[in-house]
Each structure stands twice: as structure tokens, then as C-alpha cells.
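There are 2 protein chains.
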Amino acid sequence: VKKSAHLTLVNDLETSAIEISDRGLAYGDGLFETLRVVDGKVPLLPYHLKRFSLGVKALKLGNPLSIADQLERYVRIALKDAFKHAHLKSAVIKVIVTRGHGGRGYRPSPEPELNFITQVYEYPDFPSSNYSEGISLQLCQHRLSHQPALSGIKHLNRLDQVLASAELEASGSEEGLMLDYQGNAIEGTKSNILLVENNKLITPNLEQAGVAGTMRQYLIDNAEAIGFEFEEKNVSLEQLKSADGLAVMNSVFGLWPVKEFAGKRYAVHKICGTIQSHLKAQLSY
Amino acid sequence: VKKSAHLTLVNDLETSAIEISDRGLAYGDGLFETLRVVDGKVPLLPYHLKRFSLGVKALKLGNPLSIADQLERYVRIALKDAFKHAHLKSAVIKVIVTRGHGGRGYRPSPEPELNFITQVYEYPDFPSSNYSEGISLQLCQHRLSHQPALSGIKHLNRLDQVLASAELEASGSEEGLMLDYQGNAIEGTKSNILLVENNKLITPNLEQAGVAGTMRQYLIDNAEAIGFEFEEKNVSLEQLKSADGLAVMNSVFGLWPVKEFAGKRYAVHKICGTIQSHLKAQLSY
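Shown next as C-alpha cells:
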């Protein structure tokens, strides 16, 4: 069970409560970012701010740049707080941004007063074998909604992820693989996926569904520097099963190889180690 | 702007605040019902309880019957409160039910402690011309997510409705019509739709997307008694434009004819008057 938060702010007020009239609760009308803190820094901060800006634009919350500035301000407040506790040099910051309250039913106010909800958590204690030996990935029965207008962004409508991850309860698998309704492999419930085919990296394109993770984007941007070709494209279930290697990634845990998926066992591909070393050297992951 | 709530409860506690750790805020992990009170009664209560039970089942929140019993209990508490204020004989009760807090990220606890959030509002003052002359219906550009696993139920993931209804700001239309990604007409942003074709009633089927409204279900169940054939089927945009009559319906306002949609004007079909009279006689709408 996730530890309770060390710091909780609603805007600049230290409180753990929010008005029930908030549109985040009523409609999931908002966005969130979950950021890893290492040694008092947030290595992927620019990637989070970029993805968040795209979300602000998609949800028409206001000026993307100035709202991303506000997000950054709350991340820095949270960082200072995490710093105060020596054991929180590694931490996770979560910021939820909602369209505040008001409006007429679903219809939003044209000039919303956003609410920023900031939480600081301890960094979870992941088994080291997740990194060295890999994890079990389970094929989820629940499929992702088809919604190109909201794909890529990290909004608060997350019933797909909730229902898919509930399927992991019985098996104890660390992660679940979600398909869309066309049968494309899209992502994990809390991660993006990475395939190795002929020493080339592939990740599913997310134009129709899915969350464009910041670690995924970092690796796309830095693949060449690390020494690999990287391609975004449609990925079928069969392709996943016949890949030379498979991994899951997100900005909290970094990269975990997959050792087993849908009855197939995978060797840990050497590219996984190369990426992990790069993340350690460049981002202190 | 919707008036603020007269009574707000979180479970049995009179408060207007909820913990920010609630999964309703974090993921939209829950359901809601909005119920009209007339003369101290909720005429469509059995329909709300039925739809709510289907939602409990779809989200795997627990035992549908016992959770629906709890919903009914909060509705009755709200009714008593509305009764205390003479001017609230007509009122609207909204109950949000969330999976509470806890779990590991998206993954829900196998034994969640649900939160019931109850609010009582004054009945909105709709223009009488909405009933007699009809309303303008605007074609929304934002399309509904394709998600058969969640269609029909009234869950808290409502970004589609928020974004579609934001489009009404510029035109001032009372309601917006939403299509799915196949181009089928599905529903209004806050209502279901009704077509008249050769004196027969038609409403879009909601197996792929949409909310199965309680007024819609009431009319399906009672069409024969009122004297009409009623069919659920796929409806194209063209069919909508060539219909003999068009109306929107929900459990709060009842039934409004559509006088204009996508550049086409519609006469108020006499069936609309027949249904309105029935709703007044049978449900005091």
C-alpha cells in the first residue's frame, strides 16, 4: 500500500481536504503529473512541463505556458519540503490540477480558477530483481477507450487504468498490458512499453489512445545518443510475443525488463542494461 | 450558474470537504446519480437504483444490491432535508459514490470503503419556452470515446461531456449533440435524444458509448402504454436531419423538443406534447 503523503497542499494552503464541488471530483476535469525526485532534483521536469502544457491545451484550461509555470512553482515548493526530510532525497511528487469549482453542470466556466493539489510521497521500495531479472506482464482483458482527442495527455479520467490494474490482483503480476479495441498493444497500466526487434527499439504510437510517458519521450529523444534506432508505430499482440526483448518504463521506476508475458518467457535483452546504465549516469535513476 | 448546495454530506457527516486522497478525485473512480425531487418524492428512483447497480457491477465496487441500498438511504436523508425547506419541494439531489481512498496507485483495494457524497440543490428555473417552443441543439465537434465496457453507466470520467459542452459557450445553444467516432449520433451532453420517424419513436443504442438516462429508460418501458412504438438503433447524422421531430430528455427537465439543429428547423411534433402530458400526469413533471 502506498504510504500516505508527507506534504499535502491545496494551492498554497497546507490541508488534506478539498471542496466536494471541485470539478476534479465531479467529472475528472483536470490533469496530473507524478514526478520522481532524485538527490533533490526532478531529472525529467522539462518533459513533465511539456506534456502538462499539451494537457492544458487539450482541456482548454487556459494559457499553457503560464499554467505550466504555476505547476513548476508547486513542484519547487514540494522539492523544498522533501529536502527538509533527509530520507526524502528520493521522493515522488504528485500534482493534480483541476478546473476548480463552478460552471453550469458539465459546462465549464470560461474563466476557471484552477486548483493545484500537491503531494509528496516517499519513493517506493521496488525489488532490485525487477531491474535485473525483469517482471511478469499480464495481458489485461479491459481495453483502452478510443479517444484521439485526449490521447497522450495525463488527465484525471483513469477508469481504464483502474479496471485493468484490478485484474492484476489475482495473478500478482507487477504490470498489465492494455490493448485498444483494434487489438493494438498500447501501454501498461502505469507504464509505456518498449520492444526490441533486430537491435532496434520500438514503442507503440499513442495517437488513438494511451498516455505519452515522460520516460518514453526521454528515450525517444535520446535514443541516438545512447546508440539505438527508435521507432513509434502500431504494434500487434503477435509482434509483442515475437519480440527479441520487452520492457516497461515510466518516470518513477525507470526501466524494467519483462521476463514473462502471456505464457512466453523473454531473456533480459542487453539493450535493457545499456539503457539502465544510461539512466543511472545521466539522470541518477 | 448552478446555485450552491443546500445540504452536503460525506457519508453521514455534514461537511463540504473530502480528502484529496479520494480515488474519485485522483482517477474519477466512482459513479454518480442526479435525481429530481417533485413534491417530496423522487419519481424515477427505481430507474436510478437500477442504473446505479449496473455501474457498481461494471466498476466492481462491491455487492450491487447492498450498495444500491446505501445509495437509497442517502437519497432519503437528502429528501428529508429538502422537505424541511418549503421552497425545496422541487429539488435536485446529487449523490457521488467513490471507491474511497487507498489502493496501490491505480490498483484498487480488493475491499474498498466507498464514500457517499450527497448534495441537495434547488430545482433550476428552466424557461417555459424550452417545453413549448423547443431548444436549439448544436452539433459538437468533440466526439464521444469508444468504450463498450463503460457505456450506459454514469461514472465520474466525464471529460467528453465537459469538452463538448464547452463548445456551447459561443453559440448559447441549450444543448449539444455528440457523435461517436463512427459518426453515429449518440446523445446530448446532458441528455438523451429522441427522434420521431413516421409516428414511431427512435433513440440511439448506447452499446458502444453514452449514458443510459433514466428518463430514456422510463419512456422505453412505457412507450406502449403511452401509445407509441419505440426502437433503440444506430442513428446517423443524416437520419437526425431528416427526422419528422426531434427532442432531448433527461430526468431533471423531462422532455424538450428541438426547434433547430445544424441549420435545420423542426416543428414541435405532437408526440412531444403527448409525452409531456404523460410525464406531468404520471410523474408530476
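Those protein sequences? They're chains A and B, same order as listed.
Just so we're on the same page, the working numbering is the position in the first sequence counted from 1, plus 6.
Just so we're on the same page, the working numbering is the position in the second sequence counted from 1, plus 6.
Every residue, glycine too, gets a C-beta built ideally from N, C-alpha and C.
These numbers come from a predicted model, not from an experiment.
What is the residue span of the alpha helix (DSSP H) that residue i lies within?
i, result
"Asn5(B)", "Residue 5(B) is absent from the structure shown; chain B starts at 7 and stops at 291."
"Ile4(A)", "Examination of residue 4(A) is not possible in this model, given that chain A is present from 7 through 291 alone."
"Val62(A)", "51 to 64"
"Ile226(B)", "220 to 232"
"Gln194(A)", "A small correction: the amino acid at residue 194(A) is Gly; Gln does not occupy that position in the sequence shown. Run containing Gly194(A): none in the alpha helix (DSSP H); it sits in the beta strand (DSSP E), 191 to 194."
"Pro150(A)", "Per the sequence shown, residue 150(A) should be read as Leu rather than Pro. Note, Leu150(A): premise wrong, no alpha helix (DSSP H); not H, not E."
"Gly182(B)", "Note, Gly182(B): premise wrong, no alpha helix (DSSP H); beta strand (DSSP E) at 181 to 185."
"Arg29(B)", "29 to 33"
"Lys247(B)", "243 to 248"
"Ser138(B)", "135 to 138"
Counting contacts by CB-CB distance shorter than 7 Å, is residue i in contact with chain C?
i, result
"Arg164(B)", "Absent from the structure is chain C; the protein chains it does hold are A and B."
Take the Cβ of residue i as the centre, count every other Cβ of all protein chains shown within 10 Å, and call the residue buried at 16 or more, exposed below.
i, result
"Ser177(A)", "exposed"
"Arg82(B)", "exposed"
"Leu19(A)", "exposed"
"Phe89(A)", "exposed"
"Leu65(B)", "buried"
"Arg42(A)", "buried"
"Arg271(A)", "exposed"
"Gly189(A)", "exposed"
"Val7(B)", "Because Val7(B) carries a pLDDT of 36, less than 50, the predicted location of this residue cannot be relied on, and the following value inherits that uncertainty. That one is exposed."
"Glu180(B)", "buried"
"Ala97(A)", "buried"
"Leu71(A)", "exposed"
"Leu30(B)", "The amino acid occupying residue 30(B) in the given sequence is Gly; Leu does not appear at that position. That one is buried."
"Thr104(B)", "buried"
"Thr3(A)", "With chain A running from 7 to 291 in the structure shown, residue 3(A) is simply not present."
"Pro210(B)", "buried"
"Asp45(A)", "exposed"
"Arg79(A)", "exposed"
"Asp35(B)", "buried"
"Pro116(A)", "exposed"
"Gly140(B)", "buried"
"Ala273(B)", "exposed"
"Ile277(A)", "buried"
Name the two residues that bound the continuous beta strand (DSSP E) containing residue i.
i, result
"Phe122(B)", "121 to 128"
"Thr14(B)", "13 to 16"
"Ile159(B)", "Segment: none, Ile159(B) is in no beta strand (DSSP E) and carries neither H nor E."
"Leu200(B)", "198 to 203"
"Gln144(A)", "141 to 145"
"Ile277(B)", "From DSSP, Ile277(B) is part of no beta strand (DSSP E) but of the alpha helix (DSSP H) over 276 to 289."
"Gly106(A)", "Run containing Gly106(A): none; DSSP gives neither H nor E here."
"Ala172(A)", "Element bounds for Ala172(A): not the beta strand (DSSP E) but the alpha helix (DSSP H), 165 to 172."
"Gly260(B)", "260 to 267"
"Ala253(A)", "251 to 256"
"Glu237(B)", "236 to 239"
"Gly36(B)", "36 to 43"
"Ala23(B)", "23 to 25"
"Gly216(B)", "Unbroken run through Gly216(B): none, as it is neither H nor E."
Which whole-angstrom value is the C-beta distance of residue i and residue j, which I expect to be below 8 Å?
i, j, result
"Arg113(A)", "Leu183(B)", "That pair is no contact at about 15 Å."
"Val254(B)", "Leu201(B)", "Wrong, their Cβ atoms sit about 11 Å apart, outside the cutoff."
"Ile208(A)", "Lys239(A)", "6 Å"
"Asn163(A)", "Asn163(B)", "4 Å"
"Phe38(B)", "Ile99(B)", "Not confirmed; about 11 Å, so no contact."
"Phe267(B)", "Leu252(B)", "6 Å"
"Tyr187(A)", "His12(B)", "About 43 Å; that fails the 8 Å criterion."
Check: Does the segment 120 to 137 of chain B come close enough to the segment 162 to 169 of chain B that 3 or more CB-CB pairs lie under 8 Å?
Finding: no
Note to self: Is it the case that the segment 44 to 64 of chain B contacts the segment 52 to 70 of chain A, given that we only count it when at least three CB pairs across the two stretches are under 8 Å?
What the structure shows: no
Next item on the list: Name, going along the chain, the residues of the segment 149 to 161 of chain B whose beta-carbon falls closer than 9 Å to a beta-carbon of chain A.
Entry: Arg149, Leu150, Ser151, His152, Gln153, Pro154, Ala155, Leu156, His161
Notebook entry, point to check: Got a sec: which bits of the segment 182 to 196 of chain B sit with their beta carbon under 7 Å from any beta carbon on chain A, in order along the chain?
Noted result: Tyr187, Thr195, Lys196
Item checked: Stretch-stretch touch, CB-based, cutoff 8 Å, three pairs: the segment 277 to 291 of chain A with the segment 227 to 244 of chain A -> yes
Item checked: chain B contacts made by the segment 20 to 31 of chain A, where a contact means CB separation under 9 Å -> Thr21, Ser22, Ala23, Ile24, Glu25, Ile26, Ser27, Asp28, Arg29, Gly30, Leu31
Next item on the list: Quick one: which residues of the segment 50 to 68 of chain A get their C-beta closer than 9 Å to a C-beta of chain B? List them in chain order.
Entry: Ala64, Leu65, Lys66
Note to self: Contact between the segment 248 to 261 of chain A and the segment 190 to 210 of chain A is defined here as three or more beta-carbon pairs at a separation below 8 Å; is this criterion met?
What the structure shows: yes
Check: Below 8 Å, can you find three or more Cβ-Cβ pairs linking the segment 144 to 151 of chain A to the segment 116 to 123 of chain A?
Finding: no
Check: Are three or more beta carbon pairs between the segment 201 to 215 of chain B and the segment 262 to 271 of chain B nearer than 8 Å?
Finding: no
Notebook entry, point to check: At a Cβ cut of 8 Å, what residues of the segment 32 to 47 of chain B count as close to chain A, listed as they run along the chain?
Noted result: Ala32, Tyr33, Gly34, Asp35, Phe38
Next item on the list: Compile a chain-ordered list of the residues in the segment 114 to 126 of chain A whose CB is closer than 9 Å to at least one CB of chain B.
Entry: Pro114, Ser115, Pro116, Ile123, Gln125
Notebook entry, point to check: Do the segment 13 to 31 of chain A and the segment 25 to 37 of chain B touch if we need at least three Cβ pairs shorter than 8 Å?
Noted result: yes
Item checked: Cβ pair count under 8 Å reaching 3, the segment 154 to 163 of chain B against the segment 207 to 227 of chain B -> yes
Checklist line | Within 9 Å of chain B by C-beta, residues of the segment 70 to 95 of chain A in sequence order | finding: none
Notebook entry, point to check: Using Cβ-Cβ distances below 9 Å, what residues of the segment 167 to 179 of chain B are close to chain A?
Noted result: Gln167, Val168, Leu169, Ala170, Ser171, Ala172, Leu174, Glu175
Next item on the list: Give, in chain order, every residue of the segment 214 to 230 of chain A whose Cβ lies closer than 8 Å to some Cβ of chain B.
Entry: none
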